[in-house]
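Counting in my numbering, the sequence shown runs from 1051 upward without gaps. For each residue, glycine too, the CB sits at the ideal point set by N, CA and C. These numbers come from a predicted model, not from an experiment.
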Amino acid sequence: MAIFVGKILHIFEELDSTNRYAQQLLLQGEVVEGTVIQAFSQTAGRGQMGSFWWSAKGENLTFSVVLRPHFLAINQQFSLNQAVALAIHDFLKTFIGTGLRIKWSNDILVNEKKICGILVENSLQNNQIASSIVGIGLNINQLNFENLSTATSLAAICGQKYDLNDLRTELLDCLEARYFQLRAGRIKQLQKDYLAVLYRYGEDACYEKTATNAVFWGRIVGIAADGKLEIMHQDGIEAFGLKEIKFL
Ligand code: BTN
């Protein structure tokens, strides 16, 4: 059982976005670390890079966790993302035997289809992370993704439906365990674990540079301390930020 993550739990039938609601709470005053805000449906779910997160009503887990990783320097921000992605990977590993990968920076894939998206929004103060809102959208019981052929869910993979409350509790346990690991300063271990399950790590594959539309072959060789993706190509090793590279 988690000690502090999810001890305070706000559940809503519908919200615009659990991340936005958490932001509002933080603006209004003190929020206990580990507070979770869950919604069965979101009308304006936020995805990475300004995208919309679509999730069928009542079928999936969509929630946000408020954390205060004061112990991280600003240039270590990405290690929180790694800890969260690993927590979800740990959780899913208990159900899924093969094909489970973390796709840099923050997606969880099963056989190349996306089962989970993560949106971490940090607020910085005096060169420190004052608070983090960790938004998680994990597809559980949804079977129909209409024209989103690149999405999947736990039910689609395992052939059965699940109780959302039970799964949320188990997932929050995993999240707390990885957060404790991060808080204990075991960043190197997190990095090692992350690379061990990273999609395309060490494999030759095709990418596109967003700025120039140049397509190239390269191999992921690491993650820089600032979270950039390191790809080795014919001219050497180059580090890319989220908006700078497309996986082809
Ligand atoms: C992505 O684009 O992959 C990130 C998706 C994150 C979606 C979750 S759902 C719960 C939380 N609230 C939001 O508005 N977004 C995140």
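Element boundaries [alpha helix (DSSP H), containing ARG1118] | Residue 1118 sits at position 68 when you count from the first residue of the sequence shown. Premise fails: ARG1118 is in no alpha helix (DSSP H) and is neither H nor E.
Indicate the three-state DSSP secondary structure (helix, strand or coil) for ASN1172 in the structure shown.
-> By one-based count along the sequence shown, residue 1172 stands at place 122. In the structure shown, ASN1172 sits in a strand (DSSP, three-state: E or B).
Give a yes or no on whether the minimum CB-CB distance between LEU1240 and chain B is below 8 Å.
-> The structure shown contains no chain B; it holds only a single protein chain.
From this set, ALA1234, ALA1246 and LEU1225, which residue's C-alpha is nearest VAL1134's C-alpha?
-> For the purposes of this step, residue 1134 is identified with residue 84 of the sequence shown, where counting begins at 1. Looking at the Cα atoms, LEU1225 is the closest of the given residues.
Does the ligand BTN have even one heavy atom less than 7 Å from the beta-carbon of GLY1100?
-> Within the sequence shown, numbered from 1, the residue matching residue 1100 stands at position 50. Not so, every heavy atom of the ligand BTN lies at least 7 Å from the Cβ.
Secondary structure, beta strand (DSSP E): runs of 3+ residues fully inside the stretch 1213–1296 = 1254–1259, 1265–1273, 1279–1283 and 1286–1290
Give a single yes or no on whether GLY1097 has its beta carbon closer than 7 Å to a heavy atom of the ligand BTN.
-> Position 47 of the sequence shown, counted from the first residue, corresponds to residue 1097. Under cutoff, so the answer is yes.
Compute the minimum distance between the beta carbon of TRP1103 and the heavy atoms of the ligand BTN, and state whether it is under 7 Å.
-> Working through the sequence shown from its first residue, we reach residue 1103 at position 53. Yes - the ligand BTN has a heavy atom lying nearer than 7 Å to the Cβ of TRP1103.
Can GLN1231 and GLN1241 be called in contact, C-beta distance under 8 Å?
-> Looking up residue 1231 in the sequence shown gives position 181. Looking up residue 1241 in the sequence shown gives position 191. No; because the gap between Cβ atoms is not below 8 Å, this pair is not in contact.
Just mark LYS1278 as buried or exposed, buried being the case when its beta carbon has 16 or more other beta carbons within 10 Å.
-> Numbered from its first residue, the sequence shown carries residue 1278 at position 228. When all chains shown are included, LYS1278 counts as buried.
Around the Cβ of ASP1243, are there at least 16 other Cβ atoms within 10 angstroms (buried) or fewer (exposed)?
-> If you number the sequence shown from 1, residue 1243 lands on position 193. ASP1243 is buried by the Cβ-count criterion.
May I ask whether a heavy atom of the ligand BTN can be found less than 7 Å away from the beta carbon of THR1144?
-> By one-based count along the sequence shown, residue 1144 stands at place 94. Checking every heavy atom of the ligand BTN against the Cβ of THR1144, none is found closer than 7 Å.
Does the stretch 1141–1152 come within contact of the stretch 1080–1087, defined as at least 3 CB pairs closer than 8 Å?
-> no
Local conformation of THR1323 per DSSP, three classes = No information on residue 1323 is available, as it lies outside the stretch 1051 to 1298 that the chain covers here.
Using the rule of at least 16 other Cβ atoms within 10 Å of the residue's Cβ for burial, across every protein chain shown, is ASN1197 buried or exposed?
-> Taking the sequence shown and counting its residues from 1, the one referred to as residue 1197 is at position 147. By the neighbour-count rule (16 or more Cβ atoms within 10 Å), ASN1197 is not buried but exposed.
Give the single residue among ILE1183, GLN1175 and LEU1159 whose Cα lies nearest to the Cα of LEU1169.
-> Here residue 1169 refers to the residue found at position 119 of the sequence shown. Nearest C-alpha to LEU1169: ILE1183.
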